[in-house]
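Top line first, the protein sequences correspond to chains B and V.
Residues in the first sequence are numbered from 1 upward in steps of one, following this note's numbering.
Residues in the second sequence are numbered from 364 upward in steps of one, following this note's numbering.
Cβ coordinates follow ideal geometry from the N, Cα and C atoms, glycine included.
If you're wondering where the values come from, they're calculated on a predicted model, not measured in any experiment.
Each remark here refers to the structure printed beneath this line.
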Amino acid sequence: MANLELRQVGKWYGNYEAIKSVDLSIADREFVVFVGPSGCGKTTLLRMIAGLEEITSGDLLIDGVHANAVPPDKRGLAMVFQSYALYPHMTVAQNMGFALKMAGMPRAEIDAKVGEAARVLQLEPVLGRKPRMLSGGQRQRVAIGRAIVRNPKGFLFDEPLSNLDAALRVQMRIELVKLHQALAATMIYVTHDQIEAMTMADRIVVLNRGIVEQVGTPLNLYHRPANLFVAGFIGSPKMNFFPGRVQRADASQVVLALAGGETFIVPGPESPPAVGTELTLGVRPEHFEMAAQGPLAGTVDVVEHLGVETLVYVRLASGAIVIVRTDDLSRVRVGENVSLALRAGRASLFDSSGAALFHAMPE
Amino acid sequence: MAYAMKGAETAGRAMAQDGLARGRRRSSWLLLSPAVGMLALWAFVPLAMTLYYSFQRYNLLYPERRGFVGLLNYQLMVTDPSFWTAIVNTLLLVLGVLATTLVLGTVFALLLNQNFRGRGVARLMVIAPFFVLPPVAALIWKNLLFDPLNGLIGWLCTLMGLQPVAWFTVHPMLSLVIIVAWEWTPFATLILLTALQSLDSEQLEAARMDGAKPMSRIIYIVLPHLARPMAITVMMESIFLLSIFAEILTTTAGGPGDATTTLTYLIYIRALLDFDVGGGSAAGVLAIILANIVAFFLMRAVARNIEE
Ligand SMILES: Nc1ncnc2c1ncn2[C@@H]1O[C@H](COP(=O)(O)OP(=O)(O)O)[C@@H](O)[C@H]1O
Ligand SMILES: [Mg+2]
């Protein structure tokens, strides 16, 4: 059982504000991912929850209890560090049993718990080894094992997979999700990799420069980004953005004059924006299609065949590059002239402050 | 056919490279030889002369009674009780100083690794004794601190109503250990402080999350991390401590009696006070053997430590 609540939590390092008034509540057994670019304050926020970093302002509640001043080992949370932070001179078994030993648990009981965790994590053959004799994946598992044996209410992970190679990362991702189901514990997971966030999270918290940009389920964030930052950060390849000006608008559609000179008609909000308003049009790569006649025309710059799909980089007359994701492999050739049209009327409009105005999703 | 050609070609190239390597080796020897020659002269000539004299009867008081005496010098030395006293004294001095500097060095390193105002100045002050020349250090302690009449410690004793102690008479070896430890604590502190700074702070944080209190963190995380630098400190210090001389000469001159006569000092007495070149050389050779035994065990311990 662990639900967490952050109320206007802030952090100052000297006169640098690393975290600006974060409000967030995390339910019991939820898998929450903090995602954002490097330096946005993910680690700082996690360390404040862990108790390793003092909370400058605001309140942290764990299970309804005010926890700002509770020491880290009394919060019932276990942390897996990015560097794993294994104790190099202790064996795997000693590493995993250290917290229990510090708690004064009898030797036999420690051995039983460590053995059980080692079985779950398939670490039994290496229990007697020192960390430096382990592979990256095994070290990762030991770090997780060290957290598990304490039987914590919640787990905190700081970019735990960033030191692993791509194949292992995918595998560990799945194992962590399974572990979350098996342990039925609250998990907070920090990453800068939006794919990890999308694949693992119940809910994603997008951070940017110390503020929370949006909180929501992965699909919610993908389809209804609250602003330009989230729209650009979630999804790979990135959403295409086109700055433009409203030429005409009614209750069903907006006619945009793009900066490159093209005219683009997109579905619009019920209360139409005023003529002349500066807007940004956002279209995901898979929401474009090659058409005989389309509002955007350009030449194919690069074609990336990924097997299941193909990414086409189209250079517009203005020089801007548009990324199109397509499964139609036959037509595109480098250097060819193509026209692009919206697929199924999907597009997003953002106002000049970057906030989302409208997500066109005709059903 | 193509394969054979290729094989021959590779072989040819390998031979050419072999020749080149040989040439390079020869020229590198040529370039190295002056340095190696200097080193050989510098190290081996005195060693050879010491060995030679250790088998000679050669006392400068009666230089005419000279000649080969076999192992007599060695026999006289190992049957002389003062030789064994000197070995015990050497071990007492070295081990005493090692223990003191390691404990104090660790404490200072832990303190100086904290964040506090004036840390830079504090670090400088802890390191300062290292820059004081050994005879000067010994004289400072002898005249300004230990002296029962004029010394600071004697004055403090009288302040507290205690009888001042004539340190070099009552606790000669302890006094010596204190002086040498004072000189060498900065060295240990410096090495251990550097090592502390390389300790991954996430390990300490992980231990904190694991519920380890400050003392447990020192015992289970910090000290194991310091094991290797400690071994290196022990090795480096031992090399220098085995040859401690100036401090003894300027304070106790080996006394009272032979209470502070170490092996190094005994060699000095034999060779330069008794003018017994043969006996002194034999003691010197025995000291070399002893030092090598110590070095062997130290190196093995350190090597094992580094392998870990
Ligand atoms: N101990 C510290 N002192 C001063 N500034 C810090 C400290 N730790 C982090 N910061 C700053 O706070 C910001 C957020 O850091 P961090 O939480 O580590 O980012 P992230 O984990 O998202 O990459 C960064 O700009 C970083 O430079
Ligand atoms: Mg980070």
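key: For Ala575(V) and Tyr16(B), the rounded distance between their alpha carbons   = The residue labelled residue 16(B) in the question sits at position 16 within the first sequence. The residue labelled residue 575(V) in the question sits at position 212 within the second sequence. If you take the alpha carbons of Tyr16(B) and Ala575(V), they lie about 31 Å apart.
query = Are three or more beta carbon pairs between the stretch 427 to 446 of chain V and the stretch 652 to 663 of chain V nearer than 8 Å?
reply = no
request  = Closer than 7 Å by beta-carbon distance: list the chain B residues that pair up with Glu565(V), in chain order.
outcome  = One-based indexing of the second sequence puts residue 565(V) at position 202. Neighbours of Glu565(V) on chain B, chain order: Phe81, Ser83 and Ala85.
query = In this structure, does DSSP put Glu600(V) in helix, strand or coil?
reply = As a working mapping, residue 600(V) is identified with position 237 in the second sequence. Helix.
message = Beta-carbon distances below 5 Å to any heavy atom of ligand 1 define the shell here; list its residues in chain order, please.
response = Tyr13(B), Ala18(B), Ser38(B), Gly39(B), Cys40(B), Gly41(B), Lys42(B), Thr43(B) and Thr44(B)
message = For ligand 3, is there any heavy atom lying closer than 7 Å to the beta carbon of Glu568(V)?
response = Absence of ligand 3 from the depicted structure is noted, with ligand 1 and ligand 2 being the only ligands included.
query = Are there 16 or more other CB atoms within 10 angstroms of the CB of Arg141(B), so buried, or fewer, so exposed?
reply = For the purposes of this step, residue 141(B) is identified with residue 141 of the first sequence, where counting begins at 1. Answer is buried; the Cβ neighbour count reaches 16.
task = Can you grab the Cα-Cα spacing for the pair Ile62(B) / Ala2(B), in whole Å?
result = On the first sequence, residue 62(B) is found 62 positions in, with the first residue counted as 1. On the first sequence, residue 2(B) is found 2 positions in, with the first residue counted as 1. Rounded to whole angstroms, Ile62(B) to Ala2(B) spans 7 Å at the Cα level.
request  = Pull up the DSSP beta-bridge partners for His66(B), would you.
outcome  = Numbered from 1 along the first sequence, position 66 holds the residue referred to as residue 66(B). Beta-bridge pairing links His66(B) to Leu61(B).
key: Simplified DSSP state of Glu109(B), which is helix, strand or coil   = What you label residue 109(B) is simply residue 109 of the first sequence in a count that begins at 1. Correct three-state label for Glu109(B): helix.
inquiry  = Can you look up Gly14(B) in the DSSP assignment and give me helix, strand or coil?
reply    = Counting from 1 along the first sequence, the entry for residue 14(B) is found at position 14. Assigned with DSSP and collapsed to three states, Gly14(B) falls in coil, not helix or strand.
query = Mind checking whether the beta-carbon of Glu159(B) lies closer than 7 Å to any heavy atom of ligand 2?
reply = Taking the first residue of the first sequence as position 1, residue 159(B) is located at position 159. Yes, the beta carbon of Glu159(B) sits closer than 7 Å to at least one heavy atom of ligand 2.
key: 8 Å Cβ cutoff met for Asn452(V) and Thr557(V)   = One-based indexing of the second sequence puts residue 452(V) at position 89. One-based indexing of the second sequence puts residue 557(V) at position 194. It is not a contact, given that the beta carbons lie outside the stated cut-off.
request  = For Asn208(B), write down the residues that DSSP places opposite it in a beta bridge.
outcome  = Taking the first residue of the first sequence as position 1, residue 208(B) is located at position 208. Asn208(B) is bridged to Ile211(B).
At least three beta-carbon pairs within less than 8 Å, the stretch 488 to 495 of chain V to the stretch 545 to 562 of chain V = yes
query = Can the beta-carbon of Phe232(B) be found less than 8 Å from the beta-carbon of Arg284(B)?
reply = Taking the first sequence and counting its residues from 1, one reaches residue 232(B) at position 232. Taking the first sequence and counting its residues from 1, one reaches residue 284(B) at position 284. As written in the sequence, residue 232(B) is Gly, which differs from the Phe given in the question. No; because the gap between Cβ atoms is not below 8 Å, this pair is not in contact.
task = Taking only beta-carbon positions, decide if Ala69(B) is within less than 8 Å of chain V.
result = Mapped onto the first sequence, residue 69(B) falls at position 69. Output row for Ala69(B): interface = no.
ask   = Any idea if His287(B) is buried or exposed, counting beta-carbon neighbours within 10 angstroms, 16 or more meaning buried?
value = Translated into positions along the first sequence, residue 287(B) becomes position 287. So His287(B) ends up on the buried side.
Alpha-carbon spacing of Gly51(B) relative to His359(B), whole angstroms = Numbered from its first residue, the first sequence carries residue 51(B) at position 51. Numbered from its first residue, the first sequence carries residue 359(B) at position 359. Going by the C-alpha atoms only, they are around 40 Å apart.
Span of the beta strand (DSSP E), counted from its first residue to its last, around Gly154(B) = Against the first sequence, residue 154(B) aligns to sequence position 154. Counting along the chain, the beta strand (DSSP E) containing Gly154(B) begins and ends at Gly154 to Asp158.
task = Verify the CB distance criterion: does Met572(V) have a CB-CB separation below 8 Å to chain B?
result = If you number the second sequence from 1, residue 572(V) lands on position 209. Yes, Met572(V) lies at the interface with chain B (some Cβ there is under 8 Å from its Cβ).
Supposed close pair Val190(B), Phe81(B) - CB separation, criterion 8 Å = Position 190 of the first sequence holds residue 190(B). Position 81 of the first sequence holds residue 81(B). Val190(B) to Phe81(B), Cβ: 11 Å. No contact.
ask   = Which runs of the alpha helix (DSSP H) spanning at least 4 residues fall entirely within the stretch 402 to 478 of chain V, listed in chain order?
value = 435 to 442 and 444 to 475
ask   = Nearest to Val170(B) by alpha carbon, out of Pro272(B), Gly137(B) and Glu262(B)?
value = Locating residue 170(B) in the first sequence gives position 170, where the first residue counts as 1. Nearest option by C-alpha distance: Gly137(B).
request  = Report the neighbours of Ile584(V) on chain B: residues whose CB is nearer than 9 Å to its CB, in chain order.
outcome  = Walking along the second sequence from the start, residue 584(V) turns up at place 221. Within 9 Å Cβ-Cβ: Tyr87 and His89.
message = Counting beta carbon pairs with one atom in the stretch 121 to 138 of chain B and one in the stretch 52 to 61 of chain B, are three or more of them shorter than 8 Å?
response = no
inquiry  = Within a Cβ cutoff of 6 Å, which residues of the same chain sit near Ala654(V), ignoring the five residues on either side of it in sequence?
reply    = Numbered from 1 along the second sequence, position 291 holds the residue referred to as residue 654(V). Within the same chain, Ala654(V) has close Cβ partners Leu605.
request  = Find the nearest neighbour of Met200(B) within the set Ala226(B), Leu228(B), Pro160(B) and Gln214(B), judged by alpha-carbon distance.
outcome  = Walking along the first sequence from the start, residue 200(B) turns up at place 200. Measuring from the Cα of Met200(B), the nearest candidate turns out to be Pro160(B).
inquiry  = So for Gly244(B), helix, strand or coil by DSSP?
reply    = Along the first sequence, one-based indexing puts residue 244(B) at 244. Gly244(B) falls in the strand class under three-state DSSP.
ask   = Is the shortest distance between the beta-carbon of Pro577(V) and the beta-carbons of chain B less than 8 Å?
value = In the second sequence, counting from the first residue as 1, residue 577(V) sits at position 214. No, because no Cβ of chain B sits closer than 8 Å to the Cβ of Pro577(V).
Partners in chain V for Met102(B), counting only beta-carbon separations shorter than 9 Å = By 1-based counting over the first sequence, the position of residue 102(B) is 102. From the beta-carbon of Met102(B), the residues of chain V found nearer than 9 Å are Ala570, Asp573, Gly574, Ala575, Lys576, Ser579 and Tyr583.
7 Å Cβ cut-off: residues of chain V touching Pro72(B) = In the first sequence, residue 72(B) corresponds to position 72, counting from 1. Those are Arg571 and Met572, listed as they occur along chain V.
Local Cβ density within 10 Å of Met636(V), reported as buried at 16 or more and exposed below that = For the purposes of this step, residue 636(V) is taken as the residue at position 273 of the second sequence. Before going further, note that residue 636(V) is Leu rather than Met in the sequence given. With fewer than 16 other Cβ atoms within 10 Å, it is exposed.
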